[in-house]
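In what follows, a single structure is set out as structure tokens and then discussed.
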């Protein structure tokens, strides 16, 4: 469980995330988006069990999955909803140290 994943921080820069941190990020992102694990799995094109394993720190997401997760964060950041935009900024700052 000590392995780490990397998520893009913009312009070809990546930052390492370790479990359980990446699992917390995924759960908070999914909840911010108002999605169940099944719905989030469909959005990312993975199995429900994969989301469950990520959130419960059993498996690290692949680099491709992390790119898709970052795209969802960015999508929420472009939302007309102030709550979603603020939540997206909070996730970027809290987990990736990125300020808009």
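Numbering (this note's numbering), first residue to last: 0 to 99. Glycine included, C-beta positions come from ideal geometry on N, C-alpha and C.
Between the Cα of residue i and the Cα atoms of the options, which residue gives the shortest distance?
i: residue 16; options: 65, 33, 82, 48; result: 65
i: residue 71; options: 18, 19, 96, 41; result: 41
i: residue 24; options: 78, 77, 59, 48; result: 59
i: residue 55; options: 21, 76, 61; result: 21
i: residue 88; options: 18, 62, 31; result: 31
i: residue 67; options: 97, 35, 39; result: 39
Nearest-angstrom Cα distance between residue i and residue j?
i: residue 84; j: residue 29; result: 14 Å
i: residue 73; j: residue 57; result: 25 Å
i: residue 10; j: residue 48; result: With a pLDDT of 43 at residue 10, under the threshold of 50, the modelled position of that residue is not reliable, and the figure given next carries that caveat. C-alpha separation (whole angstroms): 31 Å.
i: residue 80; j: residue 51; result: 27 Å
Where does residue i fall in DSSP's three states?
i: residue 34; result: coil
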